[in-house]
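Visitor: Be aware that the first sequence starts at 106, since it is given in the numbering used here, and climbs by one per residue.
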Amino acid sequence: MEETTELLEIRRQKLIFWQEKGIYPFGQRYETTHTSQQVIEGFKEGSEEKVRSAGRLMSRREHGKSIFAHIKDVQGKIQIYARADILGDDDFSLFKEFDTGDFIGIQGKVFKTHKGEITILVEKFTFLSKSLRPLPKEWYGLKDTELRYRQRYVDLLVNEEVKNLFITRGKIIKLLKEFLDKQDFLEVETPMMQSIPGGAIAKPFITHHNALGIDLYLRIAPELYLKRLVVGGLERVYELNRNFRNEGISTRHNPEFTMLEVYQAYADYTDMMRLTEELLMFVVQNLFGSLKITCEDKEIDFTPPWQRITVYEAISKYTGVEVTRLEDIRKIIDDKEKSLTEILNHILDNEVEPNLIQPTFLMDYPTVLSPLARQKQNNPELVERFEFFISGQELGNAYSELNDPIEQKKRFYEQNPDKIDEDYIEALEYGLPPCGGLGIGIDRLVMALTNTTSIREVVLFPQLRPK
RNA sequence: GGGCUGUUAGCUCAAUUGGCAGAGCAGGGGACUCUUAAUCCCAAGGUUAUAGGUUCGAUUCCUAUACAGCCCA
């Protein structure tokens, strides 16, 4: 697989050049005093402060006996200025051999150029690491989506907005945890390898444990384990981590995706609505300094209370057909081939959800769709459940948890008599307090908050077919 | 799974009706001590995704494959 092009060959030769000069071009630790932004923020006119900084050489402008260049660190870029009369002819000619992409450490005093850019005058430099491959020109960036996903490191390097998006993703996750931690929720970790994949309806990935001699499934949801913890007296828990579903890949689905699940004892789905509002309000306010953001040319206002509408009300509103019972949806689509749940999902996906632009709770789902949710006391056909939507996208799902082990077993049986998680039923038999549960799809939340339309843009290394 | 679109130099993009495959930047050589998409001069860089087919001649038309993107189920 040895790939040789002229460009790679030239860089290999540079490697040899440095070694012949007695410089090993894969250096060691380098102590810095300033990041790029600290240099800029700390600048005082006339102070001539000496700094040590390090970064990747991103551009170069050579003028005979002087060179302007930019080095880049995680915070940004800082201009550096090398002159033959400062470095001496030998070191200056060495400096000329740096390629864009190389990591260098520099030491020198800070000044402002005639054009007003804060710049480090290079008095000493250290080779930190050689780049053996050419970088795409930053000006044009890297646009080829396939290359961007396969070589995300290059994407991050040359596309500033991509780097910023993933920094934002990190902030969102930090803020979510910060809010929940303040509310006394305990972050926990439950098995990703499960012998019965529960908590959702989806095809799991199968793996094998050699020592135990059994097949295991990568989890499709952590739900049943988190509720076991509430049985065990951990009254407020959350887990924010990966789920795996062996299904199609699309702009909204990656086989592994990140989910936040929260459980709160003695609460119900109305508490989960308030929790959702407060949680997202906290995140959005801290991230943007406002509760209003622009997403796909539309202003989204996170100010609570959000719209609350039942599933049947929403269907009636958006199709114009009065629906009060599940069977009524056959008045909208009369397809004998399709089950009621198929028709319902079709109507919700196509007629209802695209209209839910402002944050909206769509509530009170039919019981047949929700085997883990508690029925409404005045109507056992419906459960206390909501999904919430922003920009027409489903971002989360919540319910008053079903804590009746007998009813739960019955519902599992109706769903699939061959795969009943008896241990979970047994846990419920010990007693699950009334409990509200909430799940939020983190990738989709990040998409909504960063105005992105493909999940691959918010996952660092999206799944692709190997080349 | 189905449909549509794309794949040309390291990167970003051209190429007329089927008629010598081009540019900018990067990279190489040279000039230049305040540039910042530096500038100026010179030279180079290609199995047009892959495999076939039609044709005197294919980046261009056809078939298949691979990968990707968008839409649909």
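Where is the CB? At the ideal position from N, CA and C, for every residue including glycine.
(1) With respect to the alpha helix (DSSP H) encompassing Y368, which residues constitute its N-terminal and C-terminal limits?
(2) What does a CB cutoff of less than 6 Å around D320 pick up in its chain, not counting 5 residues either side in sequence?
(3) Run through DSSP, which three-state label would S580 get?
(4) Does the beta-carbon distance from Y374 to L331 come in below 7 Å?
(5) What is the C-beta distance between G544 and N502, in whole angstroms, given that I count them as a contact (C-beta under 8 Å)?
(6) Helix or strand or just coil, what does DSSP make of Q482?
(7) Taking the alpha-carbon of I212 as reference, which of D204, I225, H219, K220 has the nearest alpha-carbon?
(8) Would you check if the distance between the CB atom of S164 and the CB atom of R188 is smaller than 7 Å?
(9) Using CA coordinates, which residue listed in Q390, Y258, P538 is at the minimum distance from A372?
(10) Rounded to a whole number of angstroms, what is the C-alpha to C-alpha distance between S559 and K182?
(11) Specify, as a first and last residue, the run of the alpha helix (DSSP H) that A92 falls within.
(12) Whether or not the segment 146-163 and the segment 225-244 are in contact is what I'm after, with contact meaning three or more pairs of Cβ atoms, one per stretch, closer than 8 Å; do they touch?
(13) For D402, which residues in the same chain have their Cβ closer than 7 Å to its Cβ, ignoring the five residues on either side in sequence?
(14) Roughly how far, in whole angstroms, is the beta-carbon of P476 from the beta-carbon of F517, given that I think they are within contact range, below 8 Å?
(15) List the endpoints of the continuous beta strand (DSSP E) containing R117.
(16) In its own chain, which residues sit with a C-beta less than 7 Å from the C-beta of E382, not counting the 5 before and 5 after it?
(17) Could you have a look at H139 and say whether DSSP puts it in helix, strand or coil?
(18) Identify whether L487 lies in helix, strand or coil by the three-state DSSP scheme.
(19) Give me the Cα-Cα distance between K572 and P327, rounded to the nearest whole angstrom.
(20) Check whether the Cβ atoms of F362 and L323 sit closer than 7 Å, and answer yes or no.
(21) What beta strand (DSSP E) runs, 3 residues minimum, are completely inside the segment 129-184?
(22) List the endpoints of the continuous alpha helix (DSSP H) containing T408.
(23) Could you check what DSSP says for T224 in three-state terms: helix, strand or coil?
(24) Can you have a look at G536 and say buried or exposed, based on whether 16 or more other CB atoms are within 10 angstroms of its CB?
(25) Specify, as a first and last residue, the run of the alpha helix (DSSP H) that R333 falls within.
(26) Please name the residue in K248, D433, S355, I278 whose C-alpha comes closest to that of E266.
(27) So, at 6 Å on beta carbons, what are the nonlocal neighbours of G151 in its own chain, with the 5 sequence-adjacent residues on each side left out?
(28) If you compare alpha carbons, which of V342, E222, V416, I176 is closest to E486?
Guide: Let me lay it out:
(1) Not the alpha helix (DSSP H): Y368 falls in the beta strand (DSSP E), residues 361-370.
(2) Residues I311, H313 of the same chain have their beta carbon placed closer than 6 Å to that of D320, with the five preceding and five following residues left out of the count.
(3) Shown here, the chain extends from 106 to 572; a query on residue 580 therefore has no answer.
(4) No, they are not a contact pair.
(5) Between N502 and G544 the Cβ distance is about 5 Å, and since that is below 8 Å, they are a contact.
(6) If DSSP states are grouped into helix, strand and coil, Q482 belongs with coil.
(7) The displayed chain sequence assigns Gln, not Ile, to residue 212. Of D204, I225, H219, K220, the residue nearest in Cα terms is I225.
(8) Cβ atoms of S164 and R188: not closer than 7 Å.
(9) Checking every option, the nearest Cα to that of A372 belongs to P538.
(10) Looking at the backbone, the Cα of S559 and that of K182 are separated by about 29 Å.
(11) Nothing about residue 92 can be read from this structure; the chain reaches only from 106 to 572.
(12) Taking 8 Å as the limit for Cβ pairs, the verdict is that the segment 146-163 does touch the segment 225-244.
(13) Closer than 7 Å at the Cβ level, and outside the excluded window around D402, lies no residue.
(14) Contact holds; Cβ gap of about 7 Å.
(15) That residue, R117, is in no beta strand (DSSP E); its alpha helix (DSSP H) goes 111-125.
(16) Excluding residues within five positions, the ones whose Cβ falls inside 7 Å are P409, P410, W411.
(17) Coil, per DSSP.
(18) It is a strand residue.
(19) The straight-line gap from Cα to Cα measures roughly 32 Å.
(20) In this structure, the beta-carbon distance from F362 to L323 does not fall below 7 Å.
(21) Taken in chain order, the unbroken stretches of beta strand (DSSP E) that lie wholly in the segment 129-184 and span 3 residues or more are 155-168, 171-178.
(22) Here T408 belongs to no alpha helix (DSSP H), and DSSP marks it neither H nor E.
(23) T224: strand per DSSP, three-state reduction.
(24) Residue environment for G536: exposed (fewer than 16 other C-beta atoms within 10 angstroms of its C-beta).
(25) Where R333 is concerned, the enclosing alpha helix (DSSP H) starts and stops at 328-336.
(26) Taking E266 as reference, the option from K248, D433, S355, I278 with the minimal CA-CA separation is K248.
(27) Apart from the 5 residues on each side of it in sequence, G151 has no Cβ closer than 6 Å to any other Cβ in its chain.
(28) Selected option, being the one with the closest Cα: V416.
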